[in-house]
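This report refers to the structure that appears directly beneath it.
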Amino acid sequence: MFYNTRLFHTSGITLGLGGNAQKFAIECIRKFKEQGTLISFDVNYRANLWTGEEARACTEQILPYVDIFFCSEDTARLTFGKTGTIEEIQKSFCEEYPISVVASTERTVITPKKHNFTSIIYSAKNDSYYREEPYNNIDVVDRIGSGDAYISGFLYGLLKENGNCQAALKYGNAASAMKNTVSGDMLWTDPQEMQQTIEMHHNIG
């Protein structure tokens, strides 16, 4: 199973379960990395699974293997003790570990049912940051799963466009914005609908 795979993704939830789930996830990361697979990791810290100290200690074990790192600003500060601007925080992860790309989502809650959403990406290869205007005044039906939708869209865009971070950013933001507007944990969509959403966002906001 470790051969001919372009990308392997897992999250801190799996690591936070501990026991065999944690051991297996770490073993998968190492084995896939040995085969040249891109490793994607989302911190996705959950206080009901483990403490911040436990999460940091375990995550720091696997960061030397990670290529694409998803971490919110709040988690970076509270779990990893980071300081400075979000740009400085993202870059510091790449300076400390051989991480290629760091992505952080940015949500502004206007009211419980009206949110703005965007993200910021740092590419160590280009020493560049990528942004776009937020999706404003999203009619929030159910925000659960919007983080996973973001990552799915981001990774789809990154693979589809051969590592283009701006494309990944657009797909990730679109997928998350769309997920907020539907109920349930999953976003059911297709590339055509995502492309239409991206075009509408850039044309009319």
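For the sequence shown, the numbering used here begins at 2 and goes up steadily by one.
Just so it is clear, CB atoms sit at the ideal spot from N, CA and C, and this is done for glycine as well.
Excluding its 5 nearest sequence neighbours in each direction, Ala125 has C-beta neighbours in its own chain below 6 Å: Cys95, Ser101, listed in chain order.
Three or more pairs of CB atoms, one per stretch, sit closer than 8 Å, so the stretch 105-120 contacts the stretch 60-77. Beta-carbon to beta-carbon, Tyr136 and Phe118 are separated by about 5 Å, close enough to satisfy the 8 Å threshold.
With three or more CB-CB distances shorter than 8 Å, the stretch 15-35 counts as touching the stretch 50-69. Annotated three-state conformation of Phe9 is strand, per DSSP.
The beta carbon of Gly158 lies closer than 6 Å to those of Ala168, Ala169, Tyr172 in the same chain, with the five residues before and after it left out. DSSP places Glu107 inside the beta strand (DSSP E), whose first and last residues are 102-112. Rounded to whole angstroms, the gap between the alpha carbons of Asn127 and Glu89 is 15 Å. The three-state secondary structure of Lys126, taken from DSSP, is coil. Going by beta carbons, Phe25 and Ile152 fall outside the 8 Å limit. Under the 10 Å beta carbon count, Ser41 is surrounded by 16 or more other beta carbons and is classified as buried. 8 Å or more divides the Cβ of Ala175 from the Cβ of Gly146. Closest option to Leu50, judged by alpha-carbon separation, among Ile63, His10, Phe81, Thr15: Thr15.
Judged by DSSP in its simplified three-state form, Ile121 adopts strand. The three-state secondary structure of Ile145, taken from DSSP, is coil. Under the DSSP assignment, Asp43 falls in the beta strand (DSSP E) whose first and last residues are 39-43. Beta-bridge analysis with DSSP links His116 to Val110, Ile139. DSSP lists Asp43, Ala104 as the beta-bridge partner residues of Phe71.
With contacts defined by Cβ atoms closer than 8 Å, Phe81 and Gln36 do not form a contacting pair. The beta carbon of Met179 is closer than 8 Å to those of Ala150, Leu188, Thr190, Glu194, Met195, Thr198 in its chain, skipping five residues each way along the sequence. Under the three-state reduction of DSSP, Tyr98 is assigned to coil, being neither helix nor strand.
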